[in-house]
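Residues in the sequence shown are numbered consecutively from 1, following UniProt numbering.
Comments concern the structure below.
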Amino acid sequence: MEIDNQFCLIFRHGESIYGLEAQHVREIFPLPELTILADAPKDIVGSLNWRGKLLPVMHLDLRLGQPMRPCQISDSIIVIEWQGIQVGLLVHQVLDVQAVIREAAPDYGRLEQINTAFVAGIAKLGDQLAILLNPETLIRQADEVALLVSKSELGTKTDSPAAALPAAWHQIASERGGSNFYDLYCPKATPAEQAAFRQRAEALHPPLEAADSTVQLSLAVIGLDKAYFAIELASIREFINVQQVTPIPCAPTYILGNINLRGDIMVLADIRTALTQTPAKAAAKAIVVEIDDIVAGILVDAVLDVINLSPAEVMPVPAASSTISYLQGTVRYNDKVLSILNLPALLSTDRQMVSQAA
């Protein structure tokens, strides 16, 4: 049965043509470099800093239960929204916005290969058929991704990502842990293409507020023993799942051992003791940080969010704080006050141990 005309964004993915109601589309841009979420739903291939907001990115192949094709420099991201939840949809080629007449989808032909829950109908475009996708069911799993967006501004399953996150970075298989965007999804990217992907990612960062400040501070919000802290994003190389830790003889108690990250050996540290918290009972998630000449893993419970703010919003650490030497300020985050960790101070106590134990 035919339904009223509606405007749809038309795009190509593989051999098929798809459409989405234009009212649910927020932005379209070329595929940038993505940050891998060690614990995201299977169809979430990463995240990116979208105008200061953490945006999970879903690959259409994986969402539709089909084999995933490698990413290309020509791919695009469509930011779609449903009931306040935004997700990036990775597709091959965006074509046009057209007024179409939606019809009921037949139960034969190419549609047999697609879960009908994702299909809102079809539309005739000349001699071709466009499969109209249902944004509600596409993003439904991102309801799990709503915890990957609400508390963390991302997530719902709390397992990822990243993403995810205890709300935060959901559940992709642990084999993703420790891998990067190019190894997993874009293995044939040339150095020039990798540079282009990175430039695209940087272009999506929020603009500097020239009126108040020429600098903006980007922070990752992390969970440690039921408390929230922040780390400068510039110090973070990636988020990983901890697979195996090799103990180091005679190391300080906060040095859990060495980890092997794609052939690079580095120390894994638990900073809870320095922050007067209970040491971790198990090593599961970590962030890889780079401070001067030190590259190390820091154990965390979850990565919850990425926020951007003016340095003027940073407040001093209360003088009575017992951990003041390991903090460089505090900021407001929703209804909480976050302490910004001073990583150079935290890692400098046994600098030689941290940098050479590997």
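From the three backbone atoms N, C-alpha and C, an ideal C-beta is built for every residue, glycine too.
Checklist entry - Can you name the residues that DSSP bridges to residue 336? => result Numbered from its first residue, the sequence shown carries residue 336 at position 336. Partner(s): 333.
Checklist entry - To the nearest angstrom, how far is it from the Cα of residue 45 to the Cα of residue 203? => result Sequence index remark: in the sequence shown, residue 45 carries index 45 (1-based). Sequence index remark: in the sequence shown, residue 203 carries index 203 (1-based). Straight-line Cα distance between these residues: approximately 20 Å.
Next on the checklist: What would DSSP say about residue 86, mapped onto helix, strand or coil?
Outcome noted: In the sequence shown, the residue the question calls residue 86 occupies position 86. Three-state DSSP puts residue 86 in a strand.
Next on the checklist: Nearest by alpha-carbon distance to residue 32: which of 303, 219, 216 and 182 is it?
Outcome noted: Your numbering for residue 32 matches position 32 in the sequence shown. It is 182 whose Cα lies nearest to the Cα of residue 32.
Checklist entry - CA-CA distance, residue 62 and residue 138? => result Mapped onto the sequence shown, residue 62 falls at position 62. Mapped onto the sequence shown, residue 138 falls at position 138. Between residue 62 and residue 138, the C-alpha separation is close to 11 Å.
Next on the checklist: Which runs of the alpha helix (DSSP H) at least 4 residues long sit entirely within the region 183-271? Give them in chain order.
Outcome noted: With a minimum length of 4 residues, the continuous alpha helix (DSSP H) runs that stay inside the region 183-271 are 191-203.
Item to check | Where the alpha helix (DSSP H) through residue 60 begins and ends | outcome: Here residue 60 is taken as the residue at index 60 of the sequence shown, counted from 1. Membership of residue 60 in the alpha helix (DSSP H) is indicated by the continuous run 60-63.
Checklist entry - From this set, 298, 189, 72 and 54, which residue's C-alpha is nearest residue 231's C-alpha? => result On the sequence shown, position 231 is the one that residue 231 refers to. Residue 231 has its Cα closest to that of 298, out of 298, 189, 72 and 54.
Next on the checklist: What residue range does the beta strand (DSSP E) around residue 42 cover?
Outcome noted: For the purposes of this step, residue 42 is taken as residue 42 along the sequence shown, with counting starting at 1. From DSSP, residue 42 is part of no beta strand (DSSP E); its letter is neither H nor E.
Next on the checklist: Rounded to the nearest angstrom, what separates residue 245 and residue 295 at their Cα positions?
Outcome noted: Position 245 of the sequence shown, counted from the start, is the residue given in the question as residue 245. Position 295 of the sequence shown, counted from the start, is the residue given in the question as residue 295. About 16 Å.
Next on the checklist: Assuming residue 135 and residue 21 are in contact, meaning their beta carbons sit under 8 Å apart, how far apart are those beta carbons, in whole angstroms?
Outcome noted: As a first step, residue 135 is located in the sequence shown; it is residue number 135 there, counting from the start. As a first step, residue 21 is located in the sequence shown; it is residue number 21 there, counting from the start. Cβ atoms of residue 135 and residue 21 come within 8 Å of each other, at about 7 Å.
Item to check | Beta-carbon proximity of residue 308 to residue 328, cut-off 8 Å | outcome: For the purposes of this step, residue 308 is identified with residue 308 of the sequence shown, where counting begins at 1. For the purposes of this step, residue 328 is identified with residue 328 of the sequence shown, where counting begins at 1. Remark: C-beta atoms of residue 308 and residue 328 do not approach each other more closely than 8 Å.
Checklist entry - Alpha carbon to alpha carbon, how far is residue 213 from residue 310? => result Taking the first residue of the sequence shown as 1, we reach residue 213 at position 213. Taking the first residue of the sequence shown as 1, we reach residue 310 at position 310. With a pLDDT of only 48 at residue 213, under 50, the local geometry of the prediction cannot be trusted, and no value is derived from it.
Checklist entry - Going by beta carbon distance, what residues of the same chain come within less than 6 Å of residue 189, once the five residues before and after it are set aside? => result Your numbering for residue 189 matches position 189 in the sequence shown. Excluding five sequence positions before and after residue 189, the CB atoms of its chain that fall closer than 6 Å to its own CB belong to 182, given in chain order.
Next on the checklist: Helix, strand or coil, according to DSSP, for residue 92 in the structure here?
Outcome noted: As a position in the sequence shown, residue 92 is number 92, starting the count at 1. Collapsing the DSSP output to three states places residue 92 in coil.
Checklist entry - Which residue or residues does DSSP assign as beta-bridge partners of residue 386? => result Outside the shown range of the chain, which is 1 to 358, sits residue 386, and nothing can be said about it.
Next on the checklist: Out of 75, 103, 116 and 117, which one is the CA nearest neighbour of residue 129?
Outcome noted: Mapped onto the sequence shown, residue 129 falls at position 129. For the residues 75, 103, 116 and 117, the minimum Cα distance to residue 129 belongs to 103.
Checklist entry - What did DSSP end up calling residue 275 once you bin it into helix, strand or coil? => result Position 275 of the sequence shown holds residue 275. Three-state DSSP puts residue 275 in a helix.
Item to check | Same chain, Cβ closer than 7 Å to residue 194, five either side skipped, listed in chain order | outcome: To locate residue 194, count along the sequence shown from 1; it is residue 194. Here the set comprises 182.
Item to check | Rounded separation between residue 11 and residue 233 - CA only | outcome: As a first step, residue 11 is located in the sequence shown; it is residue number 11 there, counting from the start. As a first step, residue 233 is located in the sequence shown; it is residue number 233 there, counting from the start. Near 34 Å, if we compare the C-alpha coordinates of residue 233 and residue 11.
Checklist entry - Is the beta carbon of residue 339 sitting closer than 8 Å to the one on residue 317? => result Against the sequence shown, residue 339 aligns to sequence position 339. Against the sequence shown, residue 317 aligns to sequence position 317. Yes, the pair counts as a contact, with Cβ atoms nearer than the cut-off.
Checklist entry - Going along the chain, which residues of its own chain have a beta-carbon closer than 8 Å to the beta-carbon of residue 13, five neighbours each way excluded? => result As a working mapping, residue 13 is identified with position 13 in the sequence shown. Contacts found: 60, 61, 91, 92 and 93.
Next on the checklist: If you measure between the beta carbons of residue 95 and residue 77, is that distance less than 8 Å?
Outcome noted: For this step, residue 95 is matched to residue 95 along the sequence shown. For this step, residue 77 is matched to residue 77 along the sequence shown. Between residue 95 and residue 77, the gap from beta carbon to beta carbon reaches 8 Å or more.
Checklist entry - What residues are listed by DSSP as bridge partners for residue 308? => result Looking up residue 308 in the sequence shown gives position 308. In DSSP, residue 308 forms a bridge with 218.
Checklist entry - When we look at the beta-carbon of residue 315 and count the other beta-carbons within 10 Å, is it buried (16 or more) or exposed? => result Within the sequence shown, numbered from 1, the residue matching residue 315 stands at position 315. An exposed status is given to residue 315, since fewer than 16 other beta-carbon atoms sit within 10 Å of its beta-carbon.
Item to check | Exposed unless 16 or more other CB atoms sit within 10 angstroms - verdict on residue 74 | outcome: Locating residue 74 in the sequence shown gives position 74, counting from the first residue. Residue 74 is exposed by the Cβ-count criterion.
Item to check | C-alpha distance - residue 160 paired with residue 241, whole-angstrom precision | outcome: Locating residue 160 in the sequence shown gives position 160, where the first residue counts as 1. Locating residue 241 in the sequence shown gives position 241, where the first residue counts as 1. Note that residue 160 scores a pLDDT of 35, beneath 50, so its modelled location is shaky and nothing firm can be said.
Item to check | Distance between residue 79 and residue 23 (C-alpha atoms, nearest Å) | outcome: Position 23 of the sequence shown holds residue 23. Position 79 of the sequence shown holds residue 79. Note on geometry: alpha-carbon atoms of residue 23 and residue 79 lie some 11 Å from one another.
Checklist entry - Where does residue 364 sit, in a helix, a strand or coil, going by DSSP? => result The first residue shown for the chain is 1 and the last is 358, placing residue 364 beyond what the model contains.
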